[in-house]
């Protein structure tokens, strides 16, 4: 089975997370992460790190620091 994995996926998602400024941005990123995970765009370790970054960014957005 062929997957969509490529190292660029991880880098692109990190950039999207960094650019997020609103709760709506975070929600879109989370939905995108779910879809990309389903097609195999990330390795498990990358997905865990990205989810941690999303949670950190969500906290920053909520506090108004982002």
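Numbering (our numbering), first residue to last: 108 to 173. Note that the Cβ used here is the ideal one computed from N, Cα and C, for glycine as well.
Report task. Out of 146, 124, 132, 126, state which residue places its alpha-carbon closest to the alpha-carbon of residue 84. Result -> Any question about residue 84 goes unanswered here, given that the chain covers just 108 to 173.
Report task. Could you check which residue in 156, 167, 149 has the C-alpha nearest to that of residue 111? Result -> Here residue 111 corresponds to residue number 4 of the chain shown, with the count starting at 1. The candidate whose alpha carbon is nearest that of residue 111 is 149.
Report task. Return helix, strand or coil for residue 137, following the three-state DSSP convention. Result -> Taking the chain shown and counting its residues from 1, the one referred to as residue 137 is at position 30. Helix.
Query - Burial state of residue 125, where buried means 16 or more other Cβ atoms lie within 10 Å - result: Looking up residue 125 in the chain shown gives position 18. Exposed.
Query raised in the report: Do you know whose CA, among 139, 167, 151, 172, lies nearest residue 120's CA?
Result: The sequence position of residue 120 within the chain shown is 13, counting from 1. If we check each option's Cα against that of residue 120, 139 comes out closest.
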